[in-house]
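Here is the structure we will look at, set down as structure tokens.
Number of protein chains: 2
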Amino acid sequence: MDTRTELLKCAENVARRRGYDGFSYADLAKEVGIRKASIHYHFPAKADLAVAMIERYASSFSDALAVIDETSDIASDRLEAYVQSYRKALSGGAKLCLCVAFSVSRDSLSKEALQELDDFHSMSHEWLMNTFQLAKKDNSVSNVGDPKDEAAALLAMVEGAQLVARAACKVADYDRATRLFLKRLA
Amino acid sequence: MDTRTELLKCAENVARRRGYDGFSYADLAKEVGIRKASIHYHFPAKADLAVAMIERYASSFSDALAVIDETSDIASDRLEAYVQSYRKALSGGAKLCLCVAFSVSRDSLSKEALQELDDFHSMSHEWLMNTFQLAKKDNSVSNVGDPKDEAAALLAMVEGAQLVARAACKVADYDRATRLFLKRLA
DNA sequence: GTCTATAGTTTGATAGAC
DNA sequence: GTCTATCAAACTATAGAC
Numbered sequence: 001m002d003t004r005t006e007l008l009k010c011a012e013n014v015a016r017r018r019g020y021d022g023f024s025y026a027d028l029a030k031e032v033g034i035r036k037a038s039i040h041y042h043f044p045a046k047a048d049l050a051v052a053m054i055e056r057y058a059s060s061f062s063d064a065l066a067v068i069d070e071t072s073d074i075a076s077d078r079l080e081a082y083v084q085s086y087r088k089a090l091s092g093g094a095k096l097c098l099c100v101a102f103s104v105s106r107d108s109l110s111k112e113a114l115q116e117l118d119d120f121h122s123m124s125h126e127w128l129m130n131t132f133q134l135a136k137k138d139n140s141v142s143n144v145g146d147p148k149d150e151a152a153a154l155l156a157m158v159e160g161a162q163l164v165a166r167a168a169c170k171v172a173d174y175d176r177a178t179r180l181f182l183k184r185l186a
Numbered sequence: 001m002d003t004r005t006e007l008l009k010c011a012e013n014v015a016r017r018r019g020y021d022g023f024s025y026a027d028l029a030k031e032v033g034i035r036k037a038s039i040h041y042h043f044p045a046k047a048d049l050a051v052a053m054i055e056r057y058a059s060s061f062s063d064a065l066a067v068i069d070e071t072s073d074i075a076s077d078r079l080e081a082y083v084q085s086y087r088k089a090l091s092g093g094a095k096l097c098l099c100v101a102f103s104v105s106r107d108s109l110s111k112e113a114l115q116e117l118d119d120f121h122s123m124s125h126e127w128l129m130n131t132f133q134l135a136k137k138d139n140s141v142s143n144v145g146d147p148k149d150e151a152a153a154l155l156a157m158v159e160g161a162q163l164v165a166r167a168a169c170k171v172a173d174y175d176r177a178t179r180l181f182l183k184r185l186a
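As they're listed, the protein sequences go chains B and R. Using my numbering, read the first sequence as starting at 1 and increasing by one per residue. Using my numbering, read the second sequence as starting at 1 and increasing by one per residue.
Written out as structure tokens, the structure reads:
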């Protein structure tokens, strides 16, 4: 793997544990095994790194959603996989979704990074909306309301469930918070 | 107001905007109007400040829940007030619940602070559980599941809704995420 | 209780050799 | 591309005068 990618991977890893203001170039240098001055060759400023991190995260997230869509045509299957993916991202209570971690540090981010953050949420929201729209047709989810509202509610729920589970370092808290929603799935 | 309280108020304010790793003694000194060295008289280390912040936050939150209980005996009224209180805490998309902000910076907190964080979540969860238990009796909420699961789901939802709204600085996002739940209230 | 002064560390970032 | 060397600024924290 090239150094740039290795840096991005490492940065994502630590940012999802500690937030944007909670990691430094020194942390990355130590982990990747180069000097911190060398990092500036790949990312001149931390703001550049932040943008690249969100871009990479959104891209891989988008890929994951595409895989979910390919795996099943049933809305309930897709939503279950979605909830499961946020559970997996928790890493046993040690990590958060990158965008959850970055949302808290909003004031430290550049305009460009905030735009990327916004794009990520838009993409997630749209995928969820379409999936709830499908659920209305295939009847695989009980009691479906306005897809726009359902999408916003589920996005908030998985992000909040991650947060609560992270606070206590207990995946069980994530499971408890999402249980009633999963019961609505066929 | 005494300086200690003023410092706590100010620290809460900035921590809810920027997270635990996002503010410094210099920020507080500037805002409160004393030198940063003076802050150490009240809070020897930042870890001490963190503990006092959560204590104060949990205490005022607990008071707010007591007021809600006094205002109405109907479960749906109480839950609506609960959701509303998280909305108000958003401050137009500028702030988060202190415990949401601190959960992200978990690794920077002392054991004592983490314990306080845990206590806060326990208190919230218990109040919600009792309220959903009441809802089962007074039928003011539609389709109530296991109170324990309902409590966890709602806590996750309001915290997640705050986060999404904070990311975009749009209170409307909070409203959209909580709309379907509020529809279940009588 | 608040101040000045300062220590010791860490931060993000740059210059220039290799 | 990575290094050494260095910078100025910010950080938490302490000592001691008032």
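Note that beta-carbon positions come from the ideal geometry of N, C-alpha and C, so glycine has one too. Please read these numbers as outputs of a predicted model, since none were measured by experiment.
Below-8 Å beta-carbon distance, residue i vs any chain B residue
{"i": "V104 of chain R", "result": "yes"}
{"i": "V164 of chain R", "result": "yes"}
{"i": "G22 of chain R", "result": "yes"}
{"i": "E159 of chain R", "result": "yes"}
{"i": "G33 of chain R", "result": "no"}
{"i": "H121 of chain R", "result": "yes"}
{"i": "D27 of chain R", "result": "no"}
{"i": "L180 of chain R", "result": "yes"}
{"i": "A113 of chain R", "result": "no"}
{"i": "C99 of chain R", "result": "yes"}
{"i": "A156 of chain R", "result": "yes"}
{"i": "R18 of chain R", "result": "yes"}
{"i": "A190 of chain R", "result": "Because chain R spans 1 through 186 in this model, residue 190 of chain R falls outside it and cannot be assessed."}
{"i": "L79 of chain R", "result": "no"}
{"i": "R87 of chain R", "result": "no"}
{"i": "A167 of chain R", "result": "yes"}
{"i": "D173 of chain R", "result": "yes"}
Short CB-CB distance (under 8 Å) between residue i and chain R
{"i": "S108 of chain B", "result": "yes"}
{"i": "G92 of chain B", "result": "no"}
{"i": "D149 of chain B", "result": "yes"}
{"i": "L96 of chain B", "result": "yes"}
{"i": "R176 of chain B", "result": "yes"}
{"i": "D63 of chain B", "result": "no"}
Nearest to residue i (by Cα), restricted to the options the options
{"i": "A186 of chain R", "options": "R:A29, R:A64, R:R18 and R:D77", "result": "R:D77"}
{"i": "R184 of chain R", "options": "R:E6, R:A156, R:L49 and R:L79", "result": "R:L79"}
{"i": "D173 of chain R", "options": "R:F181, R:L182, R:K9 and R:Q162", "result": "R:Q162"}
{"i": "I54 of chain B", "options": "B:K36, B:L65, B:A15 and B:S72", "result": "B:A15"}
{"i": "L128 of chain R", "options": "R:C169, R:Q115, R:R87 and R:A81", "result": "R:A81"}
{"i": "D73 of chain B", "options": "B:K9, B:N13, B:F132 and B:D175", "result": "B:F132"}
{"i": "L98 of chain R", "options": "R:K88, R:D138 and R:Y20", "result": "R:Y20"}
{"i": "F181 of chain B", "options": "B:I34, B:D107, B:N143 and B:D69", "result": "B:N143"}
{"i": "N130 of chain R", "options": "R:A47, R:G145, R:L117 and R:K30", "result": "R:G145"}
{"i": "G22 of chain B", "options": "R:D107, R:L134, R:R176 and R:E150", "result": "R:D107"}
{"i": "A94 of chain R", "options": "R:T178, R:A168 and R:A11", "result": "R:A168"}
Run of the alpha helix (DSSP H) containing residue i, from where it starts to where it stops
{"i": "I68 of chain R", "result": "K46 to T71"}
{"i": "C10 of chain B", "result": "T3 to R18"}
{"i": "K95 of chain B", "result": "Premise fails: K95 of chain B is in no alpha helix (DSSP H) and is neither H nor E."}
{"i": "S85 of chain R", "result": "A75 to A89"}
{"i": "A26 of chain B", "result": "Y25 to V32"}
{"i": "A186 of chain R", "result": "That residue, A186 of chain R, is in no alpha helix (DSSP H); it is neither H nor E in DSSP."}
{"i": "S38 of chain B", "result": "K36 to H42"}
(Q) Just to confirm the assignment: which complete alpha helix (DSSP H) runs, minimum length 4, are found wholly within the region 118-171 of chain R? (A) Counting whole runs of 4 or more residues, the region 118-171 of chain R contains the alpha helix (DSSP H) stretches 147-168.
(Q) When you compare the region 56-63 of chain R with the region 120-127 of chain R, are there three or more beta-carbon pairs, one atom per stretch, that lie closer than 8 Å? (A) Contact between the region 56-63 of chain R and the region 120-127 of chain R is established, with three or more Cβ pairs separated by less than 8 Å.
Q. Pairing CB atoms from the region 90-107 of chain B with CB atoms from the region 25-43 of chain B, are three or more of them under 8 Å?
A. Not touching, per the Cβ criterion.
Q. Does the region 147-160 of chain B touch the region 146-165 of chain R, meaning 3 or more C-beta pairs lie closer than 8 Å?
A. Counting Cβ pairs under 8 Å, three or more are found: they touch.
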